[in-house]
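Structure record follows, encoded as C-alpha cells.
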Amino acid sequence: MTDQERSPRVIEFTDEVALLAALPVQAQDMHMPVVIVGAGACGLSAALFLSDLGVESLVLERDLVPSGSSALSSGFVPGAGTAAQLAQGLEDTPEAFARDIQAKAKGLAAPHLVAAYTQAIAKALDALSQNHGFHWHVLDHFLYPGHQQYRMHALPSRTGQALMDQLQRACQDKDIPVLTQSRVLELWVVKDSKRVGAVGYKRPSGDMEFVRLEALLLACNGFGGNAHLVAECIPQMQQASYAGHLGNDGSALLWGRALGAQTADLGAFQGHGSWALAQGVLVTWALMMQGGIQVNGSGQRFHNECLGYSEAAIEVLSQPKSKAFNVFDEPLLALARTFPDFCELERMNGVKRFDSVLALAQWIGCPALALEQTLEGLRLSKRGAPLGSGFEDERVFDRRLSLPLYAIEVTGALFHTQGGLEIDETCRVQTLAHQALPNLWAGGGAARGVSGPAVWGYLSGNGLLSALASAYIAARSIKQFLH
Ligand SMILES: Cc1cc2nc3c(=O)[nH]c(=O)nc-3n(C[C@H](O)[C@H](O)[C@H](O)COP(=O)(O)OP(=O)(O)OC[C@H]3O[C@@H](n4cnc5c(N)ncnc54)[C@H](O)[C@@H]3O)c2cc1C
Numbered sequence: 068m069t070d071q072e073r074s075p076r077v078i079e080f081t082d083e084v085a086l087l088a089a090l091p092v093q094a095q096d097m098h099m100p101v102v103i104v105g106a107g108a109c110g111l112s113a114a115l116f117l118s119d120l121g122v123e124s125l126v127l128e129r130d131l132v133p134s135g136s137s138a139l140s141s142g143f144v145p146g147a148g149t150a151a152q153l154a155q156g157l158e159d160t161p162e163a164f165a166r167d168i169q170a171k172a173k174g175l176a177a178p179h180l181v182a183a184y185t186q187a188i189a190k191a192l193d194a195l196s197q198n199h200g201f202h203w204h205v206l207d208h209f210l211y212p213g214h215q216q217y218r219m220h221a222l223p224s225r226t227g228q229a230l231m232d233q234l235q236r237a238c239q240d241k242d243i244p245v246l247t248q249s250r251v252l253e254l255w256v257v258k259d260s261k262r263v264g265a266v267g268y269k270r271p272s273g274d275m276e277f278v279r280l281e282a283l284l285l286a287c288n289g290f291g292g293n294a295h296l297v298a299e300c301i302p303q304m305q306q307a308s309y310a311g312h313l314g315n316d317g318s319a320l321l322w323g324r325a326l327g328a329q330t331a332d333l334g335a336f337q338g339h340g341s342w343a344l345a346q347g348v349l350v351t352w353a354l355m356m357q358g359g360i361q362v363n364g365s366g367q368r369f370h371n372e373c374l375g376y377s378e379a380a381i382e383v384l385s386q387p388k389s390k391a392f393n394v395f396d397e398p399l400l401a402l403a404r405t406f407p408d409f410c411e412l413e414r415m416n417g418v419k420r421f422d423s424v425l426a427l428a429q430w431i432g433c434p435a436l437a438l439e440q441t442l443e444g445l446r447l448s449k450r451g452a453p454l455g456s457g458f459e460d461e462r463v464f465d466r467r468l469s470l471p472l473y474a475i476e477v478t479g480a481l482f483h484t485q486g487g488l489e490i491d492e493t494c495r496v497q498t499l500a501h502q503a504l505p506n507l508w509a510g511g512g513a514a515r516g517v518s519g520p521a522v523w524g525y526l527s528g529n530g531l532l533s534a535l536a537s538a539y540i541a542a543r544s545i546k547q548f549l550h
C-alpha cells in the first residue's frame with residue numbers, strides 16, 4: 068500500500084447499490100446506526116449521550132488505549148449553570164459565559180456555536196453526573212484568564228487521564244462498543260448526494276475492515292499532529308513543540324475538504340506559554356494569575372501574563388532561544404502543589420529553588436541588577452504604579468514576591484488546533500454552499516471551535532467545552548435524524 072493510499076481519503080460511488088456491491092461480502096452485514104470516529108472526550112461522551120437516548124453507536128479509535136489530547140489535558144471543563152456550581156453556591160449563567168468567550172475572542176467567535184455550546188454544556192456535565200456517576204467539583208480558589216465566574220469543573224483527581232478513565236468505565240458499563248486499533252482511513256460516499264454509506268478502517272494486521280452506517284460523527288480532533296497542515300494553516304507554530312496527541316493528524320479536515328465541506332477559523336489554535344519542555348509537563352497558569360511572572364533570558368518581563376496562556380505561547384517563542392522562566396514564591400508554590408502535573412514536575416526536578424535574587428539571576432544567566440529591577444518594577448506595578456514597559460499589569464495583589472524564589476524553564480507549545488469543519492448549531496457539517504451534508508456531524512477539535520480566528524481568542528477551557536457540548540448536541544441531533 069502506498070503512502071497516498073494510507074492517508075485519509077474519500078471514495079465515491081455512483082449510488083448506494085454500487086457502494087454496497089463494492090464492499091467485501093463479510094462487511095455487507097456490518098451495520099451500525101451511528102459510527103463515531105475517535106475515542107477522546109468528544110467521541111466517548113457522544114456515545115454515552117446517544118446511549119442515554121437509546122441510540123446504539125460504535126466508536127472506532129486508532130490507538131490501542133483511547134487517550135487522545137483529552138488524556139493529556141488538565142481535564143478542566145468550563146460550564147455555566149451546573150448542579151455542581153449550585154451546590155457550591157456559585158451563581159452563573161450561559162449568557163455570562165458567552166460574554167466571556169466573545170470578550171476573549173474580540174467578538175469574533177462563531178456566534179451560533181457560542182450560544183449553542185454555552186447552553187448545552189451545563190446539561191452535558193449534569194447528564195454525566197446524573198447518569199454516569201461523574202463527581203464534578205468547581206475550582207473556586209482562582210479565576211482562569213478571561214473568566215468572570217468560577218466555572219472550571221474537574222473530577223477529584225484533576226487530570227485529563229482521570230476524565231478519560233471515567234468516560235471509558237462509563238462506556239463499558241453501558242456495553243458501548245469501542246473498537247481500538249481501528250484507524251479510519253476511508254469514507255465511502257455516494258457521489259451526488261455526499262451521503263456517507265460506510266467507513267473503512269485499518270486493523271493491526273494491515274487489513275481494512277468496513278462498517279455501514281446511517282450517521283457518522285467525526286470526533287477525531289484537529290490537525291496538530293500533521294506538520295504539513297500546521298505549516299499551511301498556522302505557520303507561526305510550525306517550529307513549536309506540539310504537546311497534543313500525535314494521532315490527531317487532520318483526518319476530519321482532509322475528509323471534509325474532499326467532500327466539499329466548509330472550513331472555518333483554521334488559523335485558530337490553543338497555544339500554551341508554560342510548557343516545561345525538558346520534562347514535557349504543563350505548568351499551571353494559576354501561578355501567573357496569582358502573582359507569578361515570566362522573565363526572559365535578560366531577566367525582564369516581556370508581556371502581560373494575565374491576558375492568557377494561549378497567546379503567551381507566541382510571546383515566549385519570540386524570546387531568545389524560544390524560552391522563558393516562570394518565577395514565583397513560597398505561597399504560590401503551595402497553590403501549584405494542588406495540581407498533580409506540578410507535583411510530577413517537582414518529582415522530575417523541574418522546579419528550582421533560590422535563596423537570593425543573585426542565585427536566580429545566575430541560573431537564568433542574566434545580570435542580577437536587571438532581575439532585581441524587574442522584581443522592583445513588579446512591586447511598584449502591584450501597588451498600581453505604571454510599569455512604563457509597554458504593557459500594563461492588570462492584576463492587583465496585596466503582597467509581594469518574596470524569598471525564597473522558585474523558577475521553572477518553559478517554552479511555548481502548540482496544544483491543539485481550534486479551526487476545523489464548519490458546523491451548524493446542531494453540529495452538522497456544512498457544505499461550501501452552507502447546506503448540511505446529509506449524514507455527517509463533527510464535534511470537539513474536528514469542528515470549528517469558539518475561539519475566533521487566531522491564538523488570542525482562546526478562552527481557558529474552550530477545548531473541552533467544545534468536546535463535551537458538541538457531543539451532547541450532536542447526540543440529540545442524530546437521534547432526531549434517525550427517527
Ligand atoms: C497538554 C494539554 C492540556 C490541555 N488542557 C485543557 C484543559 O484543561 N481544558 C480544556 O478545555 N482543554 C484542554 N486542552 C485541550 C483539550 O485536550 C482538547 O480540546 C480536547 O481533548 C479535544 O477532545 P477531542 O475528543 O476532540 O479530541 P481527542 O481527545 O484528541 O480525541 C481524538 C481521538 O481521535 C482519535 N483519532 C484521530 N484520528 C483518527 C482516525 N482517523 N481513526 C480513528 N481514530 C482517530 C485519536 O487517536 C484520539 O483518541 C489541553 C490540551 C493539551 C494538549
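The sequence shown begins at 68 in the working numbering and counts up one residue at a time.
Each residue gets a CB set at the ideal place from its N, CA and C atoms; glycine is no exception.
For residue i, does the three-state DSSP call read helix, strand or coil?
| i | result |
| --- | --- |
| T484 | strand |
| T478 | strand |
| I545 | helix |
| D82 | coil |
| K261 | coil |
| K269 | strand |
| R420 | strand |
| M231 | helix |
| P133 | coil |
| V394 | strand |
| I188 | helix |
| H98 | strand |
| I243 | coil |
| V209 | The sequence shown places Phe at residue 209, not Val. DSSP places F209 in coil when its eight states are reduced to three. |
| S389 | helix |
| F277 | strand |
| I168 | helix |
Beta carbon of residue i, beta carbon of residue j: below 8 Å?
| i | j | result |
| --- | --- | --- |
| M275 | S137 | no |
| L531 | V144 | yes |
| T226 | G347 | no |
| T160 | A147 | yes |
| Q303 | I381 | yes |
| Q429 | S377 | no |
| P100 | A237 | no |
| Q502 | E489 | no |
| A536 | I188 | yes |
| E128 | V256 | no |
Return the Cβ separation of residue i and residue j in integer angstroms, given the expectation that the two are a contact with Cβ distance under 8 Å.
| i | j | result |
| --- | --- | --- |
| A379 | S341 | 7 Å |
| E79 | K190 | Between K190 and E79 the Cβ distance is about 38 Å, and since that is not below 8 Å, they are no contact. |
| A177 | V424 | Actually they are not in contact, since the Cβ atoms of A177 and V424 sit about 47 Å apart, beyond 8 Å. |
| P212 | M356 | 6 Å |
| L472 | V394 | 6 Å |
| A509 | L285 | 4 Å |
| G487 | R515 | 5 Å |
| L206 | A221 | 6 Å |
| T493 | S527 | No, T493 and S527 are not in contact; Cβ-Cβ is about 26 Å, not under 8 Å. |
| F392 | E476 | 6 Å |
| L354 | L399 | 5 Å |
| L86 | Q95 | Their Cβ separation, rounded to whole angstroms, is 10 Å, which puts L86 and Q95 out of contact at 8 Å. |
| G358 | L468 | 7 Å |
Starting from the C-beta of residue i, find all residues in its chain whose C-beta is less than 7 Å away, skip the five residues before and the five after it, and write them out in chain order.
| i | result |
| --- | --- |
| G291 | V297, Y309, G311, N315, L481, H483, T484 |
| A521 | G334, A335 |
| Q598 | The requested residue 598 does not occur in the structure, where the chain is confined to residues 68 to 550. |
| R279 | M97, H98, G264, A265 |
| V84 | none |
| C433 | G364, S365, G366 |
| L233 | Looking at the sequence provided, one finds Gln at residue 233 rather than Leu. Same-chain partners within the cutoff: F201, L222. |
| Y217 | L157, V205, L206, D207, L210 |
| D82 | V257 |
| N293 | D316, G317 |
Are any of the Cβ atoms in chain C nearer than 8 Å to that of residue i?
| i | result |
| --- | --- |
| A150 | Of the protein chains in this structure there is only one, and it is not chain C. |
Ignore the nearest five residues each way along the sequence and tell me which others in residue i's own chain have a CB closer than 8 Å to its CB.
| i | result |
| --- | --- |
| Q186 | P161 |
| L499 | G327, A328, Q329 |
| R76 | L252, E253, L254, L321, W322, A325 |
To which residues of the same chain is residue i closer than 6 Å at the C-beta, ignoring the five residues directly before and after it?
| i | result |
| --- | --- |
| L195 | F201 |
| G512 | N288, G289, H483 |
| K241 | S118 |
- [ ] Pick out the complete beta strand (DSSP E) segments inside the segment 305–368, 3 residues or longer, and give them in chain order.
- [x] Counting only runs of 3 or more residues that sit fully inside the segment 305–368, the beta strand (DSSP E) segments are 336–343, 360–362, in chain order.
Open item on the list: In chain order, what are the residue ranges of uninterrupted beta strand (DSSP E) at least 3 long that sit wholly in the segment 486–544?
Closed with: Runs found: 495–497, 503–509.
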